Amino acid sequence: MTQFNHNEHPHRRYNPLLDEWILVSPHRAKRPWQGQKETISQDHRPEHDKDCYLCAGNHRANGVQNLDYTDCYVFENDFSALLQEEVNFESKEQSLFQLKPERGINKVVCFSPKHNLTLPEMEVDAIEKVVQTWKEQYIELGSHDFINYVQIFENKGSVMGCSNPHPHGQIWAQSSLPTQVDKTQKSLRAYYEKNKTSLLKDYLDQELKQQNRIVLENEHFVVLVPFWATWPYETMIISKRHFGNIIAMSNEETKAFAEILKGITVKYDNLFETSFPYSSGIHQAPTDRVSHPEWHFHMHFYPPLLRSATVKKFMVGYEMLGEAQRDISPEQSAKILRDLPNIHYKQNH
Ligand code: H2U
Numbered sequence: 087m088t089q090f091n092h093n094e095h096p097h098r099r100y101n102p103l104l105d106e107w108i109l110v111s112p113h114r115a116k117r118p119w120q121g122q123k124e125t126i127s128q129d130h131r132p133e134h135d136k137d138c139y140l141c142a143g144n145h146r147a148n149g150v151q152n153l154d155y156t157d158c159y160v161f162e163n164d165f166s167a168l169l170q171e172e173v174n175f176e177s178k179e180q181s182l183f184q185l186k187p188e189r190g191i192n193k194v195v196c197f198s199p200k201h202n203l204t205l206p207e208m209e210v211d212a213i214e215k216v217v218q219t220w221k222e223q224y225i226e227l228g229s230h231d232f233i234n235y236v237q238i239f240e241n242k243g244s245v246m247g248c249s250n251p252h253p254h255g256q257i258w259a260q261s262s263l264p265t266q267v268d269k270t271q272k273s274l275r276a277y278y279e280k281n282k283t284s285l286l287k288d289y290l291d292q293e294l295k296q297q298n299r300i301v302l303e304n305e306h307f308v309v310l311v312p313f314w315a316t317w318p319y320e321t322m323i324i325s326k327r328h329f330g331n332i333i334a335m336s337n338e339e340t341k342a343f344a345e346i347l348k349g350i351t352v353k354y355d356n357l358f359e360t361s362f363p364y365s366s367g368i369h370q371a372p373t374d375r376v377s378h379p380e381w382h383f384h385m386h387f388y389p390p391l392l393r394s395a396t397v398k399k400f401m402v403g404y405e406m407l408g409e410a411q412r413d414i415s416p417e418q419s420a421k422i423l424r425d426l427p428n429i430h431y432k433q434n435h
């Protein structure tokens, strides 16, 4: 019988954050592709676009004028998915038809007034201002008594449904823990109660020993392709120190976080020499006024591209009905990302 080789043989891997399994089929990475190809958006944008809703001084869709901002700019989403309004609600015990009102606040964070930039092309100092803004928003939004969780995220690229190329992210703050965060919290808590240590701290220590899934590292943060990654080039930024939320970061850690954010997004752009699409977001402790020693600050990047700038991975069929599946192994992806230059390709051309 052939000896098992994780680079060749189909196998399943466990995701301890979500308490889920994924299927890895490394032998399948060479299959031909005659399916959908994404079009590469031509990235020749002006520094200021008079028709952009997010550019400084311009009017938004509802007529409100943006300030003439010079670095980060935050405003309440004009088309918020959640509303602050409190409603009268009588709960009826119906286990198969559960429903409850949800309150929240949605914000848009413009990362820069420059319409033609994205995080990998911004200076580290400017990215640090974005991180500072996220900190301020975490404090401000979390101080509302009806806000228990603050989800900071970015949707980059039209493939990810992003409606505007202007560099920006969003923040959705709400009363309940959203499903992914709730699952993560349950796993982190169960591990912490059993071992009295952080699951991600223990995981990171082992990853740093093994080295084969590490993409980037600085004094305070590590970027790696998780052992259980589902998207082909999925990565996670994990803080080396065990702390629960963004406001626990020291000034030095804030700078190191900005540096590594630039580092991973530059590598992503360099992978296919294109403005690399992804959804990214920070997972951190809730703002529910309860102590959360189990939480360990981290950031996920879920990029959809598979083998080129035009062929994306679809989470369909078996993934929708069975479980997530990947072809190229996390170790192969990590090596590809690790070996890419750290200088943005546009600066080399
Ligand atoms: P996305 O590109 O990721 O969809 O984010 C843009 C957000 O900006 C989106 O949520 C908001 C949209 O509701 N927006 C405004 O609040 N005002 C506008 O004038 C345009 C877009």
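87 is the number of the first residue of the sequence shown in my numbering; add one for each residue after it. Glycine included, each C-beta is placed from N, C-alpha and C at the ideal position. These numbers come from a predicted model, not from an experiment.
Boundaries of the beta strand (DSSP E) in which SER366 is found, first to last residue: Translated into positions along the sequence shown, residue 366 becomes position 280. Residues 364-369.
Beta-carbon proximity list for HIS252, same chain, < 7 Å, skipping 5 on both sides: As a first step, residue 252 is located in the sequence shown; it is residue number 166 there, counting from the start. Hits under 7 Å: CYS138, LEU140, CYS141, CYS196, HIS201.
Ligand 1 heavy atom lying under 6 Å from the CB of ALA147: In the sequence shown, the residue the question calls residue 147 occupies position 61. When distances are taken from the beta-carbon of ALA147 to the heavy atoms of ligand 1, the shortest one is below 6 Å.
Whole-Å CB distance - ILE108 paired with ALA410, under 8 Å assumed: As a first step, residue 108 must be located in the sequence shown, where it is residue number 22. As a first step, residue 410 must be located in the sequence shown, where it is residue number 324. Yes, ILE108 and ALA410 are in contact; Cβ-Cβ is about 5 Å, under 8 Å.
For LYS287, the nearest candidate out of TYR319, PHE329, GLN266, HIS254 (CA to CA): Here residue 287 corresponds to residue number 201 of the sequence shown, with the count starting at 1. For the residues TYR319, PHE329, GLN266, HIS254, the minimum Cα distance to LYS287 belongs to PHE329.
Inside the region 121-175 only - beta strand (DSSP E) runs reaching at least 3 residues: 159-162
Separation of GLU179 from GLU338, as counted between CA atoms: Residue numbering aside, residue 338 sits at position 252 when the sequence shown is read from its first letter. Residue numbering aside, residue 179 sits at position 93 when the sequence shown is read from its first letter. Rounded to whole angstroms, GLU338 to GLU179 spans 50 Å at the Cα level.
Strand pairing of GLN237, partner residues [DSSP]: Sequence index remark: in the sequence shown, residue 237 carries index 151 (1-based). Answer is TRP258.
Spatial neighbours of GLY228 in its chain, beta-carbon cut-off 6 Å, leaving aside the 5 residues before and after: Position 142 of the sequence shown, counting from 1, holds the residue named residue 228. VAL236, THR373.
Where the alpha helix (DSSP H) through SER419 begins and ends: Against the sequence shown, residue 419 aligns to sequence position 333. Run containing SER419: 416-425, per the alpha helix (DSSP H) assignment.
Local Cβ density within 10 Å of GLU172, reported as buried at 16 or more and exposed below that: Taking the sequence shown and counting its residues from 1, one reaches residue 172 at position 86. Exposed.
Segment limits, beta strand (DSSP E) that includes SER273: The residue labelled residue 273 in the question sits at position 187 within the sequence shown. From DSSP, SER273 is part of no beta strand (DSSP E) but of the alpha helix (DSSP H) over 265-281.
At least three beta-carbon pairs within less than 8 Å, the region 146-166 to the region 91-107: Cβ pair count under 8 Å is below three, so no.
Ranges of the beta strand (DSSP E) found wholly within the region 373-407, counting only runs of at least 3: 384-388
Neighbour-count burial assignment, GLY255, 16 or more Cβ in a 10 Å radius: Locating residue 255 in the sequence shown gives position 169, counting from the first residue. Burial call: buried.
Inter-stretch contact at 8 Å, needing at least 3 Cβ pairs: the region 401-416 / the region 351-360: no
Touching by the beta-carbon criterion (3+ pairs, under 8 Å), the region 383-390 and the region 310-321: Remark: three or more beta-carbon pairs, one from each stretch, lie closer than 8 Å, so the region 383-390 and the region 310-321 are flagged as touching.
Check: SER249 C-beta below 6 Å from any heavy atom of ligand 3: As for ligand 3, it is missing from this structure, which binds only ligand 1.
Proximity below 7 Å, CB of ILE346 to CB of PHE383: Start at 1 with the first residue of the sequence shown, and residue 346 comes out as number 260. Start at 1 with the first residue of the sequence shown, and residue 383 comes out as number 297. Contact: no.
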